[in-house]
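S.K.:
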Amino acid sequence: MPRTELEFQQKILLDDAGLTEGASNYAFVSSLKYIGRSAVILSGDFTVNFTGTSLSLFGELTQRPNPGFYYVVVDGGVRVKISSSGALRGVAAGQSYTSPALADSAHSITFLDFPKSTIDYATVDIGTNTPLLGNALIVDDKDPSISYVGQWSDNTGRLSSNIVGSRFPVGGSMMESNTNQSSATFHFSGA
Numbered sequence: 019m020p021r022t023e024l025e026f027q028q029k030i031l032l033d034d035a036g037l038t039e040g041a042s043n044y045a046f047v048s049s050l051k052y053i054g055r056s057a058v059i060l061s062g063d064f065t066v067n068f069t070g071t072s073l074s075l076f077g078e079l080t081q082r083p084n085p086g087f088y089y090v091v092v093d094g095g096v097r098v099k100i101s102s103s104g105a106l107r108g109v110a111a112g113q114s115y116t117s118p119a120l121a122d123s124a125h126s127i128t129f130l131d132f133p134k135s136t137i138d139y140a141t142v143d144i145g146t147n148t149p150l151l152g153n154a155l156i157v158d159d160k161d162p163s164i165s166y167v168g169q170w171s172d173n174t175g176r177l178s179s180n181i182v183g184s185r186f187p188v189g190g191s192m193m194e195s196n197t198n199q200s201s202a203t204f205h206f207s208g209a
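Mapping of the sequence shown onto our numbering: position 182 corresponds to residue 200, and the numbering continues sequentially without gaps.
What follows is the structure in structure tokens.
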């Protein structure tokens, strides 16, 4: 059955445990500030396998990169140099890497000489043939399957609290309201 336009705005969530294939230098850390309450500290070489049309990593640099770049190999192709100088240091869930648009199929992205980073999660853009069964999905606050009633505002800033520290919202923004008459409804099919 073909996907609807609504489903193309959703993403598959790869939590930190799925990001360590081939990694020799990693450790898991636990905190309420991470999705799933854990993240993985990675450096060096590792591979992420996924099915979809693009991959994005979200996390933070835990030390200043030296020499300031790393390499990415998509599907066994050419090694591409990526600058890490603009990556976020000390802010959880900033976007660390996004792949180019890819065919809707299985892919393997290998990261080489990756700077020491805490990776909270990755997202995979879905296409017409991307299998969804068994995958966790992210439905962002801008998805048309969510309807809002009342007074809502769009917050694109960092989230801060004593519990979770400072982080960016998933998708870069979130809807928020402080009025009693406001509500949000999520429309979906499935279990």
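For every residue, glycine included, the Cβ atom is placed at its ideal position computed from N, Cα and C.
1. Using a Cβ distance threshold of 8 Å, determine whether the region 87-100 contacts the region 31-49, with at least three qualifying pairs required.
2. Going by CA-CA distance only, name the one from I164, F76, S61 and G175 that's closest to S191.
3. Measure the CB-CB distance between D131 and N147 and report whether it falls below 8 Å.
4. Looking only at its chain, what residues have a beta carbon closer than 6 Å to the beta carbon of G208, apart from the 5 residues adjacent to it on each side?
5. Do the CB positions of I30 and G94 come within less than 8 Å of each other?
6. In angstroms, rounded to a whole number, what distance separates the CA positions of L37 and P162?
7. With distances taken between CB atoms, is the gap from S201 to V167 smaller than 8 Å?
M.R.: Judging by the given coordinates:
1. no
2. Indexing the sequence shown from 1 puts residue 191 at position 173. Comparing Cα-Cα distances from S191 to each of I164, F76, S61 and G175, the minimum goes to G175.
3. For the purposes of this step, residue 131 is identified with residue 113 of the sequence shown, where counting begins at 1. For the purposes of this step, residue 147 is identified with residue 129 of the sequence shown, where counting begins at 1. Their beta carbons are not under 8 Å apart, which means D131 does not touch N147 by this criterion.
4. Along the sequence shown, read from residue 1 onward, the residue named residue 208 stands at position 190. Contacts found: none.
5. What you label residue 30 is simply residue 12 of the sequence shown in a count that begins at 1. What you label residue 94 is simply residue 76 of the sequence shown in a count that begins at 1. It is not a contact, given that the beta carbons lie outside the stated cut-off.
6. On the sequence shown, position 19 is the one that residue 37 refers to. On the sequence shown, position 144 is the one that residue 162 refers to. Answer to the nearest angstrom: the Cα atoms are 30 Å apart.
7. As a working mapping, residue 201 is identified with position 183 in the sequence shown. As a working mapping, residue 167 is identified with position 149 in the sequence shown. Yes, the Cβ-Cβ distance between S201 and V167 is below 8 Å.
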